[in-house]
Amino acid sequence: MGSSPLKVRPGKERNGGNKGFWGLFSDRGARLALNAGAIALLILALLSFADRSAGGFSSPRDFPDARRAVTGEMIQWERDFPPGSYRDGEVLLELAEAGDESLARFFSSFGHLLAQDGWEMLVGGREGRRGPILKLRLKDSTGVEEACRALLSSPLVKRAEPNGTVRLAEVDVSATYSNDPLLSRQWNLGGGWGVRALEAWDLCRGSGDLVVAVVDTGVDFSHPELVGRLLPGYDFYEDDPYPQDENGHGTHVAGVICAATDNGMGIAGIDWRAKIMPLRALGPDGNGTVDAVVKSVSRAVDGGARVINMSLISSTNSGILADVLADAHSRGCFLVAAVGNQGDTRVNYPAGHTYIVGVGSTDRNGNRSSFSNYNDKVDFAAPGEGIYGTWTGRGYKLLTGTSSAAPHVSGAALLLLADQPDSMPDEVFQRLRDSARDRGSPGYDGEYGWGIVDLYAALCTPRVRILAPEDGSFPGGGRVKVRVNSNQSSVKKLELLVDGAVVDQYQLPVPSGAVDHEFSGWDLSRLDEEGSHRLEVRAVATRGSESYTGRSSVTVFQSENRPSPSTSWYLAEGTTAWGFEEYLLVQNPNPERATVRLTFMFPDGRTQTRSYAMPGTSRLTVPVNSLFSADHSTRVEADRPVVVERAMYWPAGGRQRAGGHCETGSAVLSRTWCLAEGTTAWGFEEYLLIANPYQEIAEVEIVFQRPDGTQRHYSLKVPERSRRTVMANRVDAEKDASIMISSNVPLAVERAVYWSQKEGGTVGAGAFSP
-7 MGSSPLKVRP GKERNGGNKG FWGLFSDRGA RLALNAGAIA LLILALLSFA DRSAGGFSSP
53 RDFPDARRAV TGEMIQWERD FPPGSYRDGE VLLELAEAGD ESLARFFSSF GHLLAQDGWE
113 MLVGGREGRR GPILKLRLKD STGVEEACRA LLSSPLVKRA EPNGTVRLAE VDVSATYSND
173 PLLSRQWNLG GGWGVRALEA WDLCRGSGDL VVAVVDTGVD FSHPELVGRL LPGYDFYEDD
233 PYPQDENGHG THVAGVICAA TDNGMGIAGI DWRAKIMPLR ALGPDGNGTV DAVVKSVSRA
293 VDGGARVINM SLISSTNSGI LADVLADAHS RGCFLVAAVG NQGDTRVNYP AGHTYIVGVG
353 STDRNGNRSS FSNYNDKVDF AAPGEGIYGT WTGRGYKLLT GTSSAAPHVS GAALLLLADQ
413 PDSMPDEVFQ RLRDSARDRG SPGYDGEYGW GIVDLYAALC TPRVRILAPE DGSFPGGGRV
473 KVRVNSNQSS VKKLELLVDG AVVDQYQLPV PSGAVDHEFS GWDLSRLDEE GSHRLEVRAV
533 ATRGSESYTG RSSVTVFQSE NRPSPSTSWY LAEGTTAWGF EEYLLVQNPN PERATVRLTF
593 MFPDGRTQTR SYAMPGTSRL TVPVNSLFSA DHSTRVEADR PVVVERAMYW PAGGRQRAGG
653 HCETGSAVLS RTWCLAEGTT AWGFEEYLLI ANPYQEIAEV EIVFQRPDGT QRHYSLKVPE
713 RSRRTVMANR VDAEKDASIM ISSNVPLAVE RAVYWSQKEG GTVGAGAFSP
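Written out as structure tokens, the structure is:
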């Protein structure tokens, strides 16, 4: 690069200077060392802007033991944080809400747990999306597990967990080689059981607009194979802007992905043009902590990286890291990690997290390496034995391990993104999946995942994007629409499959690389079976004599239970007694005016009616407490389709709104109801709310279905146009049970569950049938 922005750092000193007040809340991960007096001043300054009428939050010691026990179970210590897998005295914390007030309230409640140099901002919060992530340093007298359980008892805290350790995923290092041309020795790039990079380069060599982040031990930014390809990164291990590699591993990984190719020296990288963002999370010995990985991923996303490579492993299952990775995926990052080198079925992280592409290792014969872990977190296999890469001191080395396999997938992703820059991470994954060379058991297996990565085939495999219907939708009718793109092959045929069976196909009159098509021979209205259905489109393309098939699928639902705008709604639950607040929320999505009629049905058979006029595209809030104080059910009738929900809040523990729940009404009544959840054990209270809007007495049979197969039957009558409440604790005490309800007339049914003297609660309607 000549005048590279990366420079050798003088003396590798920690940056402990004063960042300024607002610097504490930036996404830069500024380190903060505060004494007790400074923390107190910070809290007072922030609280001066807070709404004091809301009152402070209690110390964790004030929460009931029952609640602390329940929330503490969110962390399964032996499974997620084995002994020796985390740093003593350090906790990672994610707050439930962003903002200075949330931080101030947190320190007001939990400052007594922290050491003098008590906390560090890792990732700043984003209003409405995510609270900030902090690293806490505990007092010597406070244990990590004790602190996490106490923190989890607070509504201020979304996650609290130990700061796990991470390490390299490499098993062998051989001798160092000089700058001799080594391409002929890079079996991993060839067409035997390599990734077929040599053939792929005839189709695509990369794009200088793309950035790959290498989260590792840093890079040697003086290496001639990497000069000109490096962007400014950061050293989160030593907290300075100079991610110089003092181990060699990160330099090796960067070289496998992006070493300069066709330059007459050394080795060839998979991608010829992408930029590298080095992010140091591991030290000279190859070890580090989860907090540095969290900061690295956040920096990579903010810096525009489209691919993030993590050739590292941890035995700790960090929920905070999982959240940060999920956020990166949602913002368009393709995430790659090594699965580990223990040679057994254990799961390592981050490869074990959702949205991470886990990579295992293969040898020269295409067989799983004996050291490569095998489990359902393996997505692909790639060469991982005897892999040449760049090394510190301007040299090269052979390494072996899943650390060396992972960068092959990162390089493949870069080429696919260069080929079709608007691809989403899931579409890159689909092309790699559909083109991988199957090994092991047919289809997916835990040793090879979907198979060994094939770069040439991936570039020739069409990208298929289903435009309609949307994934997870409830289509009542219409046609399946699809868009297919292939820059390196010609699409010849499209097939539409429903639940695995071909229902329509289209043969292109002239093969093309770009196709928009609507299947006309099959309509979504034919989905008449209740439940989920898988729609898949296959695109068959050819290049030369070889054929390639790209796939994409969505899941859609057919359900009579689905809430949608309706002229009739039924809400079985409802009360303005016992300290509850209740609100009915009505949405008029129509441009025209709507008239809404509410009928409240009480346990003694009385009714009360209210009518409201709603403008077009408006919302109506009915504070039911202003009308009466009683248990009731509600029937809503409108002259245009509307949507109705009900929100309820209640006091507990001296707080006015200690809990609350909200539920959409039922647009249809039914003679049968199935409720999977339900318990009267463990300190829970359970209520069944039954509404009978008919002018006929309902004879109701309730069956409690227990885990051991035994049942408890209970019968009652619900008078016409009235509501009944069944307290399940009095009928089937101290039991977990699902519930089946049947009646001679159609009813509306809901189930409410509360715990710890109503510290919290949920409500839900059941299903009409399995």
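Following the working numbering, the numbering of the sequence shown begins with -7 at its first residue and continues without gaps.
The beta-carbon is built from N, C-alpha and C at its ideal position, and this holds for glycine as well.
Cβ neighbour criterion (16 or more within 10 Å) applied to S176: Here residue 176 refers to the residue found at position 184 when the sequence shown is read from its first residue. S176 is exposed by the Cβ-count criterion.
Taking 8 Å as the cut-off, does the segment 305 to 314 touch the segment 91 to 107 (at least 3 CB pairs, one atom from each stretch)? They do not touch, by the three-pair rule.
Our contact map puts P503 next to S482 with C-beta atoms below 8 Å; I'd like the distance itself, whole angstroms only. Walking along the sequence shown from the start, residue 503 turns up at place 511. Walking along the sequence shown from the start, residue 482 turns up at place 490. Yes, P503 and S482 are in contact; Cβ-Cβ is about 4 Å, under 8 Å.
Go ahead and label G184 buried or exposed: buried means 16 or more other beta carbons lie within 10 angstroms of its beta carbon, across all protein chains shown. Position 192 of the sequence shown, counting from 1, holds the residue named residue 184. Exposed: under 16 other Cβ atoms inside 10 Å.
Just to confirm, is the Cβ distance from K709 to A683 under 8 Å? Translated into positions along the sequence shown, residue 709 becomes position 717. Translated into positions along the sequence shown, residue 683 becomes position 691. Taking 8 Å as the Cβ cut-off, K709 and A683 do not qualify as a contacting pair.
Cα separation between E487 and I348? As a position in the sequence shown, residue 487 is number 495, starting the count at 1. As a position in the sequence shown, residue 348 is number 356, starting the count at 1. When rounded, the distance between both Cα atoms is 29 Å.
By how many angstroms is the C-alpha of L84 removed from the C-alpha of G123? One-based indexing of the sequence shown puts residue 123 at position 131. One-based indexing of the sequence shown puts residue 84 at position 92. So the two alpha carbons sit approximately 13 Å from each other.
Beta-carbon within less than 7 Å of N357's beta-carbon, same chain only, minus the 5 sequence neighbours each way: which residues are those? Numbered from 1 along the sequence shown, position 365 holds the residue referred to as residue 357. W185.
The beta strand (DSSP E) that contains L590, what's its start and end? Here residue 590 corresponds to residue number 598 of the sequence shown, with the count starting at 1. 586 to 593 is the span of the beta strand (DSSP E), which, as asked, contains L590.
Three or more C-beta pairs closer than 8 Å, one from the segment 381 to 390 and one from the segment 228 to 244: is that the case here? Short answer: they touch.
Of all the options G513, V331, L271, which has the alpha carbon lying nearest to the alpha carbon of V494? The sequence position of residue 494 within the sequence shown is 502, counting from 1. The shortest C-alpha separation from V494 is found at G513.
Starting from the C-beta of G275, find all residues in its chain whose C-beta is less than 7 Å away, skip the five residues before and the five after it, and write them out in chain order. Start at 1 with the first residue of the sequence shown, and residue 275 comes out as number 283. For G275, same chain residues with a beta-carbon under 7 Å away, outside a window of 5 residues either side, are Y229 in chain order.
In the segment 259 to 297, which residue ranges form an unbroken beta strand (DSSP E) of at least 3 residues, counting only runs that do not cross its ends? 267 to 272, 279 to 281
Rounded C-alpha distance that separates M732 from P467: As a first step, residue 732 is located in the sequence shown; it is residue number 740 there, counting from the start. As a first step, residue 467 is located in the sequence shown; it is residue number 475 there, counting from the start. In a straight line, the C-alpha of M732 is about 29 Å away from that of P467.
Give, in chain order, every unbroken run of the beta strand (DSSP E) that is at least 3 residues long and sits entirely within the segment 178 to 202. none
What is the DSSP secondary structure of D403, reduced to helix, strand or coil? Against the sequence shown, residue 403 aligns to sequence position 411. Checking the sequence, you will find Gly at residue 403 rather than Asp. Here G403 sits in helix by DSSP.
Spell out the partners DSSP gives T567 in its beta bridges. On the sequence shown, position 575 is the one that residue 567 refers to. The partner list for T567 (beta bridge, DSSP) reads D623.
Using 8 Å as the Cβ pair cut-off and three pairs as the minimum, do the segment 77 to 93 and the segment 153 to 160 touch? Enough Cβ pairs lie closer than 8 Å, so yes.
Comparing alpha-carbon positions, which option in L408, D508, G675 lies nearest A266? Position 274 of the sequence shown, counting from 1, holds the residue named residue 266. It is L408.
Counting C-beta neighbours from all protein chains within 10 Å, is the total for W674 16 or more, i.e. buried, or is it exposed? As a working note, residue 674 is residue 682 in the sequence shown. Exposed, since its Cβ has fewer than 16 Cβ neighbours within 10 Å.
Can you give the Cα-Cα distance for A133 and A139, rounded to whole angstroms? Numbered from its first residue, the sequence shown carries residue 133 at position 141. Numbered from its first residue, the sequence shown carries residue 139 at position 147. Reading off the sequence, residue 133 comes out as Ser, not Ala. Near 10 Å, if we compare the C-alpha coordinates of A139 and S133.
For T783, does the count of other Cβ atoms within 10 angstroms reach 16, so buried, or fall short, so exposed? One cannot answer for residue 783 here, as it falls past the ends of the chain, which runs -7 to 762.
Taking buried to mean at least 16 other C-beta atoms within 10 Å of its own C-beta, is S415 buried or exposed? Here residue 415 refers to the residue found at position 423 of the sequence shown. Around the beta carbon of S415, a 10 Å sphere encloses 16 or more other beta carbons of the protein chains shown; the residue is thus reported as buried.
On the criterion of 16 or more Cβ atoms from any shown chain inside 10 Å, does F99 qualify as buried, or is it exposed? Walking along the sequence shown from the start, residue 99 turns up at place 107. The residue in question, F99, is buried, as its Cβ has 16 or more Cβ neighbours within 10 Å.
If R423 sits next to W442, beta carbons under 8 Å apart, how far is it from one beta carbon to the other, in whole angstroms? Here residue 423 is taken as the residue at index 431 of the sequence shown, counted from 1. Here residue 442 is taken as the residue at index 450 of the sequence shown, counted from 1. Contact doesn't hold; Cβ gap of about 11 Å is too wide.
Residues sharing a beta bridge with E655, DSSP: Here residue 655 refers to the residue found at position 663 when the sequence shown is read from its first residue. R638, per the DSSP bridge assignment.
Is DSSP giving L148 helix, strand or coil here? The residue you call residue 148 lines up with position 156 of the sequence shown. Coil at L148, not helix or strand.
Here's the rule: buried if 16 or more other CB atoms are within 10 angstroms of the residue's CB, otherwise exposed. What is S18? Taking the first residue of the sequence shown as position 1, residue 18 is located at position 26. Note that S18 scores a pLDDT of 37, beneath 50, so its modelled location is shaky; the value from the coordinates is reported in the next line. Flag for S18 reads exposed.
Determine the direct distance from the alpha carbon of D623 to that of G566, and round the result to whole angstroms. If you number the sequence shown from 1, residue 566 lands on position 574. If you number the sequence shown from 1, residue 623 lands on position 631. In a straight line, the C-alpha of G566 is about 6 Å away from that of D623.
Just to confirm, does Q703 get its C-beta within under 7 Å of one of the non-hydrogen atoms of the ligand HEM? What this structure holds is no ligand at all, so the ligand HEM is not there to describe.
Sequence ranges, alpha helix (DSSP H) only - wholly within the segment 354 to 422, length at least 4: 394 to 411
Could you check if K369 is buried or exposed, using at least 16 other CB atoms within 10 Å of its CB as the buried criterion? Reading the sequence shown from its first residue, position 377 is the one you call residue 369. Buried: at least 16 other Cβ atoms inside 10 Å.
Flag this pair as yes or no: are the beta carbons of S545 and R518 separated by less than 8 Å? Taking the first residue of the sequence shown as position 1, residue 545 is located at position 553. Taking the first residue of the sequence shown as position 1, residue 518 is located at position 526. Cβ distance not < 8 Å, so S545 and R518 don't count as in contact.
Can you name, in chain order, every residue of its own chain whose Cβ lies under 8 Å from the Cβ of D596, other than the five neighbours on each side? Position 604 of the sequence shown, counted from the start, is the residue given in the question as residue 596. So the qualifying residues of the chain are S714.
Relative to the C-alpha of P173, which candidate in Q334, L222, G387 has its C-alpha closest? To locate residue 173, count along the sequence shown from 1; it is residue 181. It is G387 whose Cα lies nearest to the Cα of P173.
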